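With numbering that gives the first Met the number 0 applied, the sequence shown covers 0 to 114. Ideal Cβ placement from N, Cα and C applies to all residues, glycine included. Everything numeric in this text was worked out from a predicted model, so none of it was measured.
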Amino acid sequence: MLAEVSGRRHRAGGARTELTQQTRVGETLIRGLVRAQLALALQLSAVVLVGLGGLPWLFAIAPSVGRMTVLGVNLPWLLLAVLSFPFLVAVGWTYVRLAERNEQDFTDLVQRPER
(Lines of atoms letter the chains of each structure in order from A and count residues from 1; the text may use other names and numbers.)
(Lines give C-alpha, C1' and ligand atoms only; values in the text may rest on other atoms or scores of the structure.)
Protein backbone atom coordinates (compact mmCIF):
# COMPACT_ATOMS: atom_id res chain seq x y z
CA MET A 1 0.00 0.00 0.00
CA LEU A 2 2.80 2.47 0.83
CA ALA A 3 4.56 1.64 -2.42
CA GLU A 4 1.43 2.58 -4.37
CA VAL A 5 1.09 5.92 -2.60
CA SER A 6 4.77 6.66 -3.03
CA GLY A 7 4.57 5.75 -6.71
CA ARG A 8 1.56 8.01 -7.21
CA ARG A 9 3.33 10.99 -5.72
CA HIS A 10 6.26 10.51 -8.08
CA ARG A 11 3.96 10.27 -11.10
CA ALA A 12 1.87 13.23 -9.99
CA GLY A 13 4.74 15.61 -10.72
CA GLY A 14 4.99 14.40 -14.30
CA ALA A 15 7.15 16.41 -16.63
CA ARG A 16 7.86 19.06 -13.99
CA THR A 17 9.49 16.41 -11.78
CA GLU A 18 11.45 15.13 -14.74
CA LEU A 19 12.82 18.63 -15.33
CA THR A 20 13.70 19.41 -11.74
CA GLN A 21 15.36 16.04 -11.20
CA GLN A 22 17.23 16.43 -14.51
CA THR A 23 16.29 12.97 -15.77
CA ARG A 24 16.63 11.79 -19.35
CA VAL A 25 13.01 12.65 -19.98
CA GLY A 26 13.59 16.17 -18.66
CA GLU A 27 16.68 16.55 -20.82
CA THR A 28 14.67 15.37 -23.82
CA LEU A 29 11.96 17.95 -23.09
CA ILE A 30 14.54 20.73 -22.86
CA ARG A 31 16.28 19.51 -26.00
CA GLY A 32 12.94 19.63 -27.83
CA LEU A 33 12.41 23.25 -26.77
CA VAL A 34 15.93 24.21 -27.83
CA ARG A 35 15.45 22.49 -31.19
CA ALA A 36 12.15 24.29 -31.75
CA GLN A 37 13.77 27.64 -30.95
CA LEU A 38 16.76 26.86 -33.20
CA ALA A 39 14.49 25.81 -36.07
CA LEU A 40 12.54 29.05 -35.71
CA ALA A 41 15.73 31.12 -35.68
CA LEU A 42 17.06 29.35 -38.78
CA GLN A 43 13.77 29.76 -40.65
CA LEU A 44 13.59 33.47 -39.97
CA SER A 45 17.28 33.86 -40.77
CA ALA A 46 16.53 32.32 -44.15
CA VAL A 47 13.72 34.85 -44.62
CA VAL A 48 16.14 37.70 -43.91
CA LEU A 49 18.81 36.16 -46.13
CA VAL A 50 16.41 35.81 -49.05
CA GLY A 51 14.69 39.14 -48.40
CA LEU A 52 17.79 41.29 -48.07
CA GLY A 53 20.41 39.08 -49.72
CA GLY A 54 18.24 38.61 -52.77
CA LEU A 55 18.07 42.31 -53.55
CA PRO A 56 21.64 42.62 -54.89
CA TRP A 57 21.01 39.54 -57.03
CA LEU A 58 17.82 41.14 -58.34
CA PHE A 59 19.68 44.32 -59.25
CA ALA A 60 22.46 42.32 -60.96
CA ILE A 61 20.06 40.12 -62.92
CA ALA A 62 17.68 42.94 -63.86
CA PRO A 63 19.74 46.15 -64.08
CA SER A 64 16.67 48.11 -65.17
CA VAL A 65 15.16 47.52 -61.70
CA GLY A 66 18.32 48.95 -60.14
CA ARG A 67 18.00 52.10 -62.23
CA MET A 68 14.39 52.81 -61.21
CA THR A 69 13.62 55.83 -59.07
CA VAL A 70 10.79 56.38 -56.60
CA LEU A 71 10.13 59.97 -55.54
CA GLY A 72 13.55 60.94 -56.87
CA VAL A 73 15.37 58.23 -54.89
CA ASN A 74 17.03 55.25 -56.57
CA LEU A 75 15.11 52.05 -55.80
CA PRO A 76 18.17 50.18 -54.46
CA TRP A 77 18.84 52.96 -51.95
CA LEU A 78 15.21 53.06 -50.94
CA LEU A 79 15.01 49.30 -50.42
CA LEU A 80 18.37 48.78 -48.72
CA ALA A 81 18.69 51.97 -46.69
CA VAL A 82 15.10 52.74 -45.74
CA LEU A 83 12.75 49.79 -46.11
CA SER A 84 15.18 47.19 -44.79
CA PHE A 85 14.79 48.46 -41.22
CA PRO A 86 11.01 48.01 -40.98
CA PHE A 87 11.52 44.57 -42.58
CA LEU A 88 14.07 43.62 -39.90
CA VAL A 89 11.82 44.95 -37.13
CA ALA A 90 8.92 42.88 -38.50
CA VAL A 91 11.06 39.74 -38.63
CA GLY A 92 12.29 40.41 -35.08
CA TRP A 93 8.75 40.97 -33.82
CA THR A 94 7.65 37.75 -35.52
CA TYR A 95 10.55 35.87 -33.94
CA VAL A 96 9.67 37.10 -30.44
CA ARG A 97 6.00 36.18 -30.84
CA LEU A 98 6.73 32.69 -32.18
CA ALA A 99 9.50 32.04 -29.63
CA GLU A 100 7.12 33.02 -26.82
CA ARG A 101 4.53 30.67 -28.30
CA ASN A 102 7.09 27.85 -28.29
CA GLU A 103 7.89 28.59 -24.66
CA GLN A 104 4.19 28.72 -23.75
CA ASP A 105 3.60 25.37 -25.46
CA PHE A 106 6.53 23.96 -23.47
CA THR A 107 5.15 25.40 -20.22
CA ASP A 108 1.70 23.97 -20.98
CA LEU A 109 3.27 20.58 -21.62
CA VAL A 110 5.23 20.67 -18.36
CA GLN A 111 2.25 21.86 -16.29
CA ARG A 112 -0.28 19.51 -17.88
CA PRO A 113 -1.74 17.17 -15.24
CA GLU A 114 -1.00 13.47 -15.59
CA ARG A 115 -3.86 11.14 -16.39
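Three Cβ pairs or more, each shorter than 8 Å: is that satisfied between the segment 44–63 and the segment 73–84?
yes
Tell me, which residues are paired with residue 68 by DSSP?
Here the question's residue 68 lines up with position 69 in the sequence shown. DSSP lists 73 as partners of residue 68.
Could you spell out the range, first to last residue, of the alpha helix (DSSP H) harbouring residue 108?
Along the sequence shown, one-based indexing puts residue 108 at 109. Note, residue 108: alpha helix (DSSP H), 83–110.
Three CB pairs or more closer than 8 Å across the segment 97–110 and the segment 28–37
yes
Secondary structure at residue 27, three-state DSSP: helix, strand or coil?
Reading the sequence shown from its first residue, position 28 is the one you call residue 27. Note: residue 27 maps to helix in three-state DSSP.
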